[in-house]
Amino acid sequence: GAVVSQHPSWVICKSGTSVKIECRSLDFQATTMFWYRQFPKQSLMLMATSNEGSKATYEQGVEKDKFLINHASLTLSTLTVTSAHPEDSSFYICSARSSRSADTDTQYFGPGTRLTVL
Amino acid sequence: QQPVQSPQAVILREGEDAVINCSSSKALYSVHWYRQKHGEAPVFLMILLKGGEQKGHEKISASFNEKKQQSSLYLTASQLSYSGTYFCGTESVQGAQKLVFGQGTRLTINP
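The listed protein sequences derive, respectively, from chains A and B.
The opening residue of the first sequence carries number 18 in the numbering used here; numbering runs sequentially from there.
The opening residue of the second sequence carries number 20 in the numbering used here; numbering runs sequentially from there.
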């Protein structure tokens, strides 16, 4: 149990285009999902917290108009990188926090999406 | 504020033990441990909650000293599959939900 999927696994796009990344909890409902960005050999940096049915909460320094987050259901959150530029190239990972009472403190990570902007 | 992990890297031979530490300057509600292999997502290992927990699964265990705001991960009789980067994620307030991750500890296990 507690499987989180991401799609796509990798994407290469041209500068100026927008890219959408999906994060799904496959076998549990996630009231809260998180989006992280990880540069090579660095730690996971939280970008935003996404709650179902409400606006995302962005971390300081993260542009909410550039990284659009939508959490339309208890199993799906999407991250759209708008007008992507080469400096946005990174490994984007989502995680989901289960709404099950037994393990509400645990975050389960998706497999990640590697974005390369040319 | 980001917790500090030590050591930054460690190289072991198969069968040796390792300890990875995670220290925070803030009071903690919980500490989460993950292992990440190159190019893959972090895999959940265990969570320790306020109250001075210790946990273990097979040959991996962890402790949480909330007074010292520290947690340690113990790897016993390491296996090749233990190689990877270990991250601790800390939660300062119950219900805050978001985790702040340490910089990671790269563990290499050689045959």
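For glycine and all other residues, C-beta sits at the position ideal for the given N, C-alpha and C.
As the structure is a computational prediction, the values presented were derived from the model and not from experiment.
Whole angstroms are fine: how far does the CA of B/K56 sit from the CA of B/T124? 12 Å
Three-state secondary structure assigned by DSSP to B/L99: helix
CB-CB length for A/Y125 against A/R54, believed under 8 Å: Between A/R54 and A/Y125 the Cβ distance is about 18 Å, and since that is not below 8 Å, they are no contact.
Can you list, in chain order, the residues of the stretch 44–67 of chain A whose Cβ is nearer than 7 Å to any Cβ on chain B? T49, F51, S60, L61, L63, T66
Between which residues of its own chain and B/S25 is the CB-CB distance below 6 Å, once the five residues before and five after are set aside? N40
Do the stretch 99–112 of chain B and the stretch 42–56 of chain B make contact, defined as three or more Cβ pairs closer than 8 Å? yes
Could you tell me which residues DSSP pairs with A/K164 in its beta bridges? Residue 164 of chain A cannot be examined here, being either before or after the span of chain A that is shown, 18 to 135.
Is the stretch 56–67 of chain B in contact with the stretch 79–91 of chain B, if contact means three or more CB pairs nearer than 8 Å? yes
Using a Cβ distance threshold of 8 Å, determine whether the stretch 76–91 of chain A contacts the stretch 19–28 of chain A, with at least three qualifying pairs required. no
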